[in-house]
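Peer 1: Protein chains in written order, with this note's numbering: chain A, 223 to 331; chain B, 2 to 376. All residues carry an ideal CB built from backbone N, CA and C; glycine is no exception. This structure is a prediction, so every number in the text was calculated from the model and none was measured. Dropping a structure here in structure tokens format, bear with me for questions.
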């Protein structure tokens with residue numbers, strides 16, 4: 223199950239992260255180098271520059287991962303186990319809410 | 002071979018090309034410790050590339066760089082160590098998407114400085130650039146002038162031995178320019194920082210630099226003091242670039258103990274200009290006169306000036322506080338006078354005036370030499 227999830231979201235996560243990092247201009251990299259950053263220090267700075275976009279990519283991946291809960295809800299409901307389907311639905315709602323709150327907090331910083 | 006050289010920073014036979022196109026050719030440049038060197042030249046001349054190579058951001062196609070006696074290797078860890086002794090302020094200030102404090106502190110953190118030392122230095126530098134109280138503002142929200150000051154502070158806080166500046170005041174308003182220029186000259190004096198500054202603004206080079214190098218088309222055509230460059234350009238290209246608006250072709254007809262007479266009329270009788278020059282009789286030359294060295298009067302003035310010509314005004318344009326007056330006195334002459342005196346003299350097209358300039362105000366350069374870059 224976990225391996226399946228990883229396989230499912232890793233291309234998505236990778237794709238979005240790459241596009242986020244390539245959004246950081248060459249000048250930023252040059253400026254950091256000029257100010258005496260080593261290779262790793264430059265990479266860390268670029269990650270921080272693109273932090274919101276990287277974060278968005280992570281959220282996106284997470285959203286994709288928890289969307290399988292929807293499938294589970296549909297499955298349980300069709301089996302007639304309405305109680306379990308409702309419980310899963312509430313968990314899904316809470317997860318979505320928590321993620322949104324966290325993301326909002328981070329962006330306001 | 003050069004390791005005992007007293008020069009602090011030296012570029013030797015440096016050339017750089019992108020693909021087939023050479024952007025820098027045969028650059029030889031040496032800067033002593035504490036010197037402020039200005040590179041002037043039009044956009045696209047290669048100033049930025051030269052600074053990038055000096056900052057070790059790029060490896061030159063050919064040539065060597067000596068820094069404080071050591072020849073810099075083309076790769077390896079030593080490049081970072083040497084780069085950490087300099088700082089480069091890029092043309093467009095790129096502030097990081099962090100607050101002002103973190104922007105300025107990052108160079109010190111990368112060098113592994115202690116936290117309380119960083120706080121102390123950042124506070125001091127913020128005060129120096131006049132950005133106290135800005136610590137927690139996001140640097141991306143600042144105006145152009147403020148961002149440029151953050152970029153400057155970020156470099157100055159490192160107390161670099163060499164400061165490289167690429168057009169430090171491009172795209173700034175006049176007031177910000179004054180502030181930045183004051184900061185630069187303050188730092189240069191106080192910390193004895195070696196500086197190389199690229200600028201296309203000649204007056205800025207004149208104001209701030211000890212020495213000036215003219216970079217045209219990837220070559221350093223002339224280096225010297227501001228007076229050398231502005232009053233005795235080596236060839237026509239430099240003369241054109243430094244605002245030597247009167248470049249008159251002629252030939253030397255007499256030369257008595259360094260006072261040469263130049264015939265600029267084109268025929269045997271001609272029009273004669275007297276100049277201070279050791280140029281031999283018969284030489285084909287250009288007589289160069291800076292437009293601000295010419296005075297205009299309604300009658301022939303009795304002064305020590307050796308050259309006075311009757312002239313007709315052909316055009317007057319206003320340049321802020323100055324008026325640029327085009328004259329015809331047998332040859333074309335351009336004079337810069339204050340707007341007030343242009344009004345007093347009632348300078349209008351067709352007006353007859355006397356144009357006067359000293360023999361010492363005429364710079365003579367040989368015409369054959371003019372196009373020979375390598376001599």
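Could you compute how far the alpha carbon of residue 255 of chain A sits from the alpha carbon of residue 87 of chain B?
Peer 2: On the first chain, residue 255 of chain A is found 33 positions in, with the first residue counted as 1. On the second chain, residue 87 of chain B is found 86 positions in, with the first residue counted as 1. Using only the alpha carbons, I get a separation of about 11 Å.
Peer 1: Would you kindly work out how many angstroms separate the C-alpha atoms of residue 253 of chain B and residue 310 of chain B, rounded to a whole number?
Peer 2: The residue you call residue 253 of chain B lines up with position 252 of the second chain. The residue you call residue 310 of chain B lines up with position 309 of the second chain. Computed Cα separation, rounded: 19 Å.
Peer 1: Is residue 201 of chain B helix, strand or coil by DSSP?
Peer 2: Residue mapping note: residue 201 of chain B aligns to position 200 of the second chain, counting from 1. In this structure, residue 201 of chain B counts as coil in the three-state DSSP scheme.
Peer 1: If you measure from the beta carbon of residue 242 of chain A to each beta carbon in chain B, is any gap under 9 Å?
Peer 2: Numbered from its first residue, the first chain carries residue 242 of chain A at position 20. Closer than 9 Å: no.
Peer 1: Under a Cβ-count criterion, where at least 16 other Cβ atoms within 10 Å of its own Cβ denotes burial, should residue 183 of chain B be classed as buried or exposed?
Peer 2: Translated into the one-based positions of the second chain, residue 183 of chain B becomes position 182. Exposed is the call here.
Peer 1: Buried or exposed for residue 2 of chain B, going by 16 or more other Cβ atoms inside 10 Å?
Peer 2: For the purposes of this step, residue 2 of chain B is identified with residue 1 of the second chain, where counting begins at 1. Reliability of the predicted coordinates at residue 2 of chain B is poor, the pLDDT of 44 falling under 50, and no value is obtained from them.
Peer 1: Compute the Euclidean distance between the alpha carbons of residue 239 of chain B and residue 258 of chain A, then round it to the nearest angstrom.
Peer 2: For the purposes of this step, residue 239 of chain B is identified with residue 238 of the second chain, where counting begins at 1. For the purposes of this step, residue 258 of chain A is identified with residue 36 of the first chain, where counting begins at 1. About 36 Å.
Peer 1: Please confirm if the stretch 344 to 352 of chain B is in contact with the stretch 274 to 291 of chain B, defined as three or more CB-CB distances below 8 Å between the two stretches.
Peer 2: Contact fails: fewer than three Cβ-Cβ distances are below 8 Å.
Peer 1: Taking 9 Å as the CB-CB cut-off, is residue 329 of chain A touching chain B?
Peer 2: The sequence position of residue 329 of chain A within the first chain is 107, counting from 1. Chain B, which has no Cβ nearer than 9 Å to the Cβ of residue 329 of chain A, makes this no.
Peer 1: Which ranges would you report for the beta strand (DSSP E) in the stretch 101 to 176 of chain B if only whole runs of at least 3 residues count?
Peer 2: Complete beta strand (DSSP E) runs here, min 3: 163 to 167.
Peer 1: Specify whether the stretch 237 to 248 of chain A and the stretch 74 to 91 of chain B touch according to this definition: at least 3 beta carbon pairs, one from each stretch, less than 8 Å apart.
Peer 2: Touching, no, given that fewer than three Cβ pairs across the two stretches are closer than 8 Å.
Peer 1: Output, in sequence order along the chain, the residues in the stretch 243 to 271 of chain A whose CB is closer than 8 Å to any CB in chain B.
Peer 2: The residues in question are 247, 249, 250, 252, 253, 254, 255, 256, 257, 258, 259, 260, 263, 267, 270 and 271.
Peer 1: In whole angstroms, what separates the C-alpha of residue 47 of chain B from that of residue 22 of chain B?
Peer 2: Position 46 of the second chain, counted from the start, is the residue given in the question as residue 47 of chain B. Position 21 of the second chain, counted from the start, is the residue given in the question as residue 22 of chain B. Cα-Cα distance, rounded: 12 Å.
Peer 1: With DSSP collapsed to three states, give me the class of residue 91 of chain B.
Peer 2: Residue mapping note: residue 91 of chain B aligns to position 90 of the second chain, counting from 1. DSSP places residue 91 of chain B in coil when its eight states are reduced to three.
Peer 1: Can you confirm whether residue 89 of chain B, when its beta carbon is compared against all beta carbons of chain A, has any partner nearer than 9 Å?
Peer 2: Within the second chain, the letter at position 88 stands for residue 89 of chain B. With 9 Å as the cut-off, residue 89 of chain B counts as an interface residue toward chain A.
Peer 1: Three Cβ pairs or more, each shorter than 8 Å: is that satisfied between the stretch 223 to 240 of chain A and the stretch 274 to 283 of chain A?
Peer 2: Result yes; three or more Cβ-Cβ pairs closer than 8 Å.
Peer 1: Considering Cα atoms alone, identify which of B/15, B/49, B/110 and B/113 is closest to residue 75 of chain B.
Peer 2: The residue you call residue 75 of chain B lines up with position 74 of the second chain. Residue 75 of chain B has its Cα closest to that of B/15, out of B/15, B/49, B/110 and B/113.
Peer 1: Would you mind stating whether residue 190 of chain B and residue 36 of chain B have Cβ atoms separated by less than 9 Å?
Peer 2: By one-based count along the second chain, residue 190 of chain B stands at place 189. By one-based count along the second chain, residue 36 of chain B stands at place 35. Not closer than 9 Å, so no.
Peer 1: Locate the beta strand (DSSP E) running through residue 12 of chain B, then write down its first and last residues.
Peer 2: By one-based count along the second chain, residue 12 of chain B stands at place 11. First-last of the beta strand (DSSP E) with residue 12 of chain B: 10 to 19.
Peer 1: Please state whether the Cβ-Cβ distance between residue 219 of chain B and residue 26 of chain B is less than 9 Å.
Peer 2: Residue 219 of chain B sits at position 218 when you count from the first residue of the second chain. Residue 26 of chain B sits at position 25 when you count from the first residue of the second chain. Contact flag set, yes.
Peer 1: Of all the residues that make up the stretch 105 to 123 of chain B, which are near chain A by a beta-carbon distance shorter than 8 Å?
Peer 2: Hits within the stretch, in order: 107, 108, 111 and 112.
Peer 1: Could you give the distance in angstroms between the alpha-carbon of residue 288 of chain A and the alpha-carbon of residue 321 of chain A?
Peer 2: As a position in the first chain, residue 288 of chain A is number 66, starting the count at 1. As a position in the first chain, residue 321 of chain A is number 99, starting the count at 1. If you take the alpha carbons of residue 288 of chain A and residue 321 of chain A, they lie about 11 Å apart.
Peer 1: Considering residue 249 of chain B, what are the terminal residues of the beta strand (DSSP E) in which it resides?
Peer 2: The residue labelled residue 249 of chain B in the question sits at position 248 within the second chain. Segment 247 to 257, the beta strand (DSSP E) holding residue 249 of chain B.
Peer 1: Mind listing the chain A neighbours of residue 311 of chain B? Cutoff is C-beta to C-beta under 7 Å, in chain order.
Peer 2: Working through the second chain from its first residue, we reach residue 311 of chain B at position 310. In chain order: nothing, as chain A lies at least about 57 Å away.
Peer 1: Straight-line CA distance for residue 228 of chain B to residue 281 of chain B?
Peer 2: Here residue 228 of chain B corresponds to residue number 227 of the second chain, with the count starting at 1. Here residue 281 of chain B corresponds to residue number 280 of the second chain, with the count starting at 1. Going by the C-alpha atoms only, they are around 24 Å apart.
Peer 1: Could you tell me which residues DSSP pairs with residue 329 of chain B in its beta bridges?
Peer 2: For the purposes of this step, residue 329 of chain B is taken as residue 328 along the second chain, with counting starting at 1. BP columns for residue 329 of chain B point to B/313 and B/333.
Peer 1: Check residue 213 of chain B in the structure and name its three-state DSSP category.
Peer 2: Taking the second chain and counting its residues from 1, the one referred to as residue 213 of chain B is at position 212. DSSP places residue 213 of chain B in strand when its eight states are reduced to three.
Peer 1: Go ahead and pull the three-state DSSP assignment for residue 65 of chain B.
Peer 2: Sequence index remark: in the second chain, residue 65 of chain B carries index 64 (1-based). Reduced to three states, the DSSP call for residue 65 of chain B is strand.
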